[in-house]
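Our numbering runs 1247 ahead of the 1-based position in the sequence shown.
The beta carbon of each residue, even a glycine, is placed where N, CA and C say it ideally should be.
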Amino acid sequence: MTPSLTLSRSSDRLPIGALLALAMTGFICIVTETLPAGLLPLISDGLAISPSMAGQMVTAYALGSLLAVIPMTIATRGWRRRNVLLLTIVGFLLFNSITALSSHYGVTLVARFFAGVAAGLAWSLLAGYARRMVAPHQQGRALALAMVGTPIALSLGVPLGTWLGGLLGWRTTFGLMSAVSLVLIVWVLVKVPDYAPQPAHQRVSLGKVLTTPGVWPVLAVVISWMLAHNILYTYIAPFVARAGLAGRVDVVLLVFGIAALAGIWLTAKLVEPLLRKTVLVSLVVFAVISLVFGVSGEVPGVVYVGVAVWGLSFGGAATLLQTALADAAGDGADVALSLNVVAWNSAIAASGVMGGVLLDHWGVAAFPWAMLVLIGVALVIAWAARDHGFKPGRRTHIEAMAH
């Protein structure tokens, strides 16, 4: 075997241990955010508050992410990258510990807010970090692996946390999240490479990123796609109840999660040569599923199959959209990815309101048609953004200059 061939094969190996550490960071972000939803009665009793007040623990976390992500990303651009990653994980260790120990509602909300700040900074960092670890032609696959913690957390982490809360108590569950964070700190120190901060002359201002061709189309697709997705995901319980599956919501979500994992695997294969086509096909598939749900959403078999196909089409969304956004932004990728956090979380918040209005006024039967309109908007924008944002053909390697 020639030295050049050996070098080529070596350079094609992904840094699995380091990328899985990023995936675990994403896992902690999601589980920390959503744990209160499964533990509301226990938290309500433990803090002597109403369930609706306990639910504001999720709101406080989301607000922390939304308000802090852009200023924190800009403020830490001059730091070494691993120090920023460790800062986010230490944040989870500290504020989940405070949540576990606090007996005062106000202190708990403050801890949740700053846990959200840590999450916002983490989400803006993970995609760029994963891309920096590998050669340009591997960036899509690396990002897919770094994002695998999200569907695992949604499909397995939250139900497991809810079960542990019932078994050991909600405070112990948050304490376990702190213990996982402590293990992750050691993992990062051992496995994750450190990188110098981006040179000052290469740092792109927020205003410049916002005016970079391709950034706005990708963000617009993020918002419309996530709105459509989360209207259904947030209100999945009342939606599947129409098909007589009110007692099988956990099974429906498990089907979605497993299919989403398959979607991530498939996206890892397609993101490099066929990013544009994969985005368009994913949107078309989701549009078809929305139509099917609109016509036959009360049939249990249709719901199960539809949820599986929906999960498959959605699993790679984070990888596809963050790759397209980082490619479009170039040297401004970190700032652009912080905007992605804002867009993504804003869509989640708006979908809760939008879905609630639809549910109260027209019932769950209106969900698929609203989703179809939103996905149609995303499809039109993605289709039109062929020069900037979602380019045809294999990904170019212009971003290698920033690598």
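If we count the other Cβ atoms within 10 Å of its Cβ and call it buried at 16 or more, is ALA1475 buried or exposed? buried
Measure the Cβ-Cβ separation of VAL1582 and VAL1468 and say whether it is below 7 Å. no
Reducing DSSP to helix, strand and coil, say where TYR1376 ends up. helix
GLU1646 classed as buried or exposed, judged by whether at least 16 other C-beta atoms fall within 10 angstroms: Confidence at GLU1646 is low in this model, with a pLDDT of 42, below 50, so its placement is unreliable and the value that follows should be read with caution. Buried, because 16 or more other Cβ atoms sit within 10 Å of the Cβ of GLU1646.
Please state whether DSSP places GLU1519 in a helix, a strand or coil. helix
Range covered by the alpha helix (DSSP H) that runs through HIS1635: Looking at the DSSP string, HIS1635 is not in any alpha helix (DSSP H), and its letter there is neither H nor E.
Just curious, the alpha helix (DSSP H) that TRP1616 is in, first and last residue? Counting along the chain, the alpha helix (DSSP H) containing TRP1616 begins and ends at 1614-1631.
Just verifying my parser: in three-state terms, what is the DSSP assignment at SER1543? helix
I need the boundaries of the alpha helix (DSSP H) containing TRP1388, first residue and last residue. Here residue 1388 turns out to be Arg, not Trp, going by the sequence shown. Start and end: 1386-1393.
Give me, in chain order, the residues of the same chain whose beta-carbon lies closer than 6 Å to that of GLY1422; leave out the 5 immediate sequence neighbours on both sides. ALA1347
Kindly indicate the opening and closing residues of the alpha helix (DSSP H) around ILE1296. In the DSSP assignment, ILE1296 falls outside any alpha helix (DSSP H) and carries neither an H nor an E.
For a test of the three-state rule: what should DSSP assign to VAL1435, helix, strand or coil? helix
Report, in whole angstroms, the separation of the C-beta atoms of GLY1563 and ILE1628, which I expect to be a contact under 8 Å. The pair is not a contact, with the Cβ atoms about 18 Å apart (cut-off 8 Å).
When the distance is taken between beta carbons, is PRO1615 closer than 7 Å to SER1537? Yes, these two residues count as a Cβ contact at 7 Å.
For CYS1276, which residues from the same chain have a beta carbon less than 6 Å from its beta carbon, with the 5 sequence-adjacent residues on both sides left out? ALA1366, ALA1369
Restricting to Cα atoms, I'd like to know which of THR1306, LEU1282, ALA1268 is closest to ALA1597. Selected option, being the one with the closest Cα: THR1306.
My guess is that VAL1435 and LEU1333 are in contact by the Cβ rule of under 8 Å, so how many angstroms apart are they, rounded? 6 Å
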